[in-house]
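Just below is one structure, and these are the notes that go with it.
Take a look at the structure:
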């Protein structure tokens, strides 16, 4: 018997799964981007590895938000979770679609790659919003070079996972699925988030 913590395990009898609701979190990411670009323009979607369930869920949530805006065009490119691919894809997009308004990342390293490409091109007019709230991106938000990122709560996942396994072993009923939550980190709360998670 297994208590799963994001992502779900490949085998075993699953007692409970604790994970971020990636669809809901990415929908929030997309809504924030739409707000920052006034509901219009081209958005580069730096997807994860699309063979992966998490990448699919984050892609779905982002599209659910952005596809609701008739004046937003989403350009999907898989960066496979990798910073260098984020750099290369952004470099190419700046040539093919120089009017790009925003870049969304299914995780944070490709957003750092995108930022490198934008800096090299002398562009500071493109909205950047990542996912995972890694320290370098949180610092970039504080510095004003990245607009936001979605934070997950791995400590919550671990704590809840252990609690539910103990309760299960004690014969209690436990929920099959628990959303461990997500938080949009922006310039308004990045310093506080950094202080609490450093």
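Numbering (this note's numbering), first residue to last: 1081 to 1278.
All C-beta atoms, glycine included, are put in the ideal place defined by N, C-alpha and C.
Alpha-carbon spacing of residue i relative to residue j, whole angstroms
i            : j            : result
residue 1155 : residue 1266 : 24 Å
residue 1122 : residue 1245 : 45 Å
residue 1194 : residue 1159 : 10 Å
residue 1100 : residue 1262 : 7 Å
residue 1248 : residue 1242 : 10 Å
residue 1145 : residue 1113 : 9 Å
residue 1216 : residue 1204 : 18 Å
residue 1272 : residue 1192 : 21 Å
residue 1111 : residue 1179 : 20 Å
residue 1134 : residue 1168 : 23 Å
Identified DSSP bridge partners for residue i
i            : result
residue 1264 : 1230
residue 1211 : 1230
Cβ-based burial, residue i [other Cβ within 10 Å; buried from 16]
i            : result
residue 1106 : buried
residue 1140 : exposed
residue 1270 : buried
residue 1188 : buried
residue 1175 : exposed
residue 1224 : exposed
residue 1212 : buried
residue 1150 : exposed
residue 1275 : exposed
residue 1075 : The first residue shown for the chain is 1081 and the last is 1278, placing residue 1075 beyond what the model contains.
residue 1148 : exposed
Test item: CB-CB of residue i and residue j under 9 Å
i            : j            : result
residue 1152 : residue 1202 : no
residue 1207 : residue 1183 : yes
residue 1209 : residue 1109 : yes
residue 1222 : residue 1229 : no
residue 1200 : residue 1171 : yes
residue 1186 : residue 1124 : no
Closer than 9 Å to chain C by CB, residue i
i            : result
residue 1121 : Considering every chain present, this structure includes no chain C. It has just one protein chain.
heavy atom of the ligand GTP below 8 Å from residue i C-beta
i            : result
residue 1188 : Of ligands this structure carries none, so the ligand GTP is not represented either.
In the stretch 1116-1143, which residue ranges form an unbroken beta strand (DSSP E) of at least 3 residues, counting only runs that do not cross its ends?
If one requires a minimum length of 3 residues, the beta strand (DSSP E) runs lying completely within the stretch 1116-1143 are 1121-1127, in chain order.
Sequence ranges, alpha helix (DSSP H) only - wholly within the stretch 1152-1184, length at least 4
List check, alpha helix (DSSP H) in window: 1163-1176.
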